[in-house]
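Let me begin by presenting the structure, written as structure tokens, before commenting on it.
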Amino acid sequence: MEFSFLQPKQNNFINIIIRDHVIRMVELKSLDPLTVKRTNERFLPPNIIRDGKIVDENIFRLILEECVEDWGLKRKHVRFVVPDQYVVTRKLTIPSNIMDDEIVGHLYLELGSTIHLPFEDPVFDVHVLHRSEKTELVLFASPEEVVTQMSNLLEESKLKPAAADVSALCLYRLYYEFGQRNEQDHLLVVHFDVSCITLSIFVNHVPVFMRTVTFPQDMKVWEVSVTNTQLEWAGDIVQFNVFLEDFIVEVERIMNFFRYSLNQGNEEINRILLHGDHPNFPLILSKLREKISVKVDTFEQDVYTQDQETVDPKYYYSLGLALKEVQ
Numbered sequence: 131m132e133f134s135f136l137q138p139k140q141n142n143f144i145n146i147i148i149r150d151h152v153i154r155m156v157e158l159k160s161l162d163p164l165t166v167k168r169t170n171e172r173f174l175p176p177n178i179i180r181d182g183k184i185v186d187e188n189i190f191r192l193i194l195e196e197c198v199e200d201w202g203l204k205r206k207h208v209r210f211v212v213p214d215q216y217v218v219t220r221k222l223t224i225p226s227n228i229m230d231d232e233i234v235g236h237l238y239l240e241l242g243s244t245i246h247l248p249f250e251d252p253v254f255d256v257h258v259l260h261r262s263e264k265t266e267l268v269l270f271a272s273p274e275e276v277v278t279q280m281s282n283l284l285e286e287s288k289l290k291p292a293a294a295d296v297s298a299l300c301l302y303r304l305y306y307e308f309g310q311r312n313e314q315d316h317l318l319v320v321h322f323d324v325s326c327i328t329l330s331i332f333v334n335h336v337p338v339f340m341r342t343v344t345f346p347q348d349m350k351v352w353e354v355s356v357t358n359t360q361l362e363w364a365g366d367i368v369q370f371n372v373f374l375e376d377f378i379v380e381v382e383r384i385m386n387f388f389r390y391s392l393n394q395g396n397e398e399i400n401r402i403l404l405h406g407d408h409p410n411f412p413l414i415l416s417k418l419r420e421k422i423s424v425k426v427d428t429f430e431q432d433v434y435t436q437d438q439e440t441v442d443p444k445y446y447y448s449l450g451l452a453l454k455e456v457q
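Per the numbering used here, the sequence shown starts with residue 131, numbered consecutively.
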């Protein structure tokens, strides 16, 4: 499989996201109008995946094989998402005489000298921002071991992995598709689920900053509902409110970092998109809108299945993956 965030458009993909707590799948019926053919999910027992890392391959493989069988996915081409904890972005400048097909090779040569990553043996993708005397680009990098492990497990389960993606890009694509994006916005995307929180800043459609916040163990207190369709909070709501206050301080710190450290006070975040499947999502949204001075959006548009049923917003993350390379 070629690891690329920028694969050519194809519409016959199964789109799978795998988090610490769940496997979710979306298959599209059509792009125009945006119509979903089917959705499926399978909640995972604790500690099969921990902080984005598959720690019990045997059990995970068994569960994935059951999903493939039950959902009728054998021999289907799939897109998947690299765990947020293992994605790094860097805004870089390289000499302008390096051609597009030479950029990745150049970056590999610069590893350890001008480019420093928190892991060895990365796989890369790049997005060129503009060329002048220098070429500005955004680098996406992940450990090859993580991407290969996921790809191999998908293949062993009779799937055909074809493209990897990043969660922030999935959410941004859907935001763009819904027409909620203003071209002048400097957007902070906050993906808040029970696995982790990922904060990504987008400028001119490109993520220029990403940070993942891992929950402390006493905040990973949730359970699956009796109907096996929703997550329910099972912890101390007072403790969660304390955590939420600290999280909002972190949001403000990142907004200030973007304004003053990255842009010398000339640019600032003027909009936030919040999404996630955390059972306390209404409280999170309310607190952000109360404490943060900029507009806080959620996805405002309904999406329907081919049977005219409303798609649960918990599938919007997978739906954004399904829109890969559509815009």
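Each residue gets a CB set at the ideal place from its N, CA and C atoms; glycine is no exception.
Computed from a predicted structure; not experimentally measured.
Where residue i falls, given that 16 or more other Cβ within 10 Å makes a residue buried
i: His408; result: buried
i: Pro291; result: buried
i: Glu157; result: buried
i: Phe249; result: exposed
i: Leu239; result: exposed
i: Asn142; result: exposed
i: Lys183; result: exposed
Secondary structure of residue i, DSSP reduced to three states
i: Leu415; result: helix
i: Pro443; result: helix
i: Thr278; result: helix
i: Asp348; result: helix
i: Met155; result: strand
i: Arg389; result: helix
i: Lys421; result: helix
i: Gln457; result: With a pLDDT of only 44 at Gln457, under 50, the local geometry of the prediction cannot be trusted, and no value is derived from it.
i: Ala397; result: Checking the displayed sequence, the identity of residue 397 turns out to be Glu instead of Ala. Note: Glu397 maps to coil in three-state DSSP.
i: Asp407; result: coil
From the options, residue whose alpha carbon lies closest to that of residue i
i: Asp162; options: Asp442, Ser448, Gln436; result: Gln436
i: Asn170; options: Ile184, Val152, Arg180; result: Val152
i: Pro321; options: Gly406, Ser281, Ala452, Leu164; result: First, the amino acid is wrong: residue 321 is His here, not Pro. The option with the nearest alpha carbon to His321 is Gly406.
i: Val426; options: Phe339, Ser355, Tyr445, Leu318; result: Leu318
i: Glu430; options: Asp442, Lys421, Gln438; result: Asp442
Cβ distance (whole Å) where residue i is taken to contact residue j below 8 Å
i: Ala294; j: Val218; result: Contact flag wrong, Cβ pair sits at about 14 Å.
i: Pro337; j: Leu299; result: 7 Å
i: Phe173; j: Asn358; result: 7 Å
i: Met280; j: Phe210; result: 6 Å
i: Arg191; j: Asp150; result: In fact, because the Cβ distance is near 16 Å, the residues do not count as touching under 8 Å.
First and last residue of the uninterrupted alpha helix (DSSP H) at residue i
i: His236; result: 233-240
i: Ser297; result: 297-307
i: Leu192; result: 187-201
The beta strand (DSSP E) enclosing residue i, as first and last residue numbers
i: Asn145; result: 144-148
i: Asn170; result: 164-173
i: Leu374; result: Leu374 -> not in any beta strand (DSSP E); alpha helix (DSSP H) instead, spanning 367-386.
i: Ala271; result: 264-273
i: Glu362; result: 361-363
i: Arg209; result: 207-211
i: His246; result: Element bounds for His246: n/a, residue is neither H nor E.
Proximity test, residue i beta-carbon vs the ligand SAM heavy atom, cut-off 8 Å
i: Thr435; result: With respect to small molecules bound, the structure shown includes none, and the ligand SAM cannot be examined in it.
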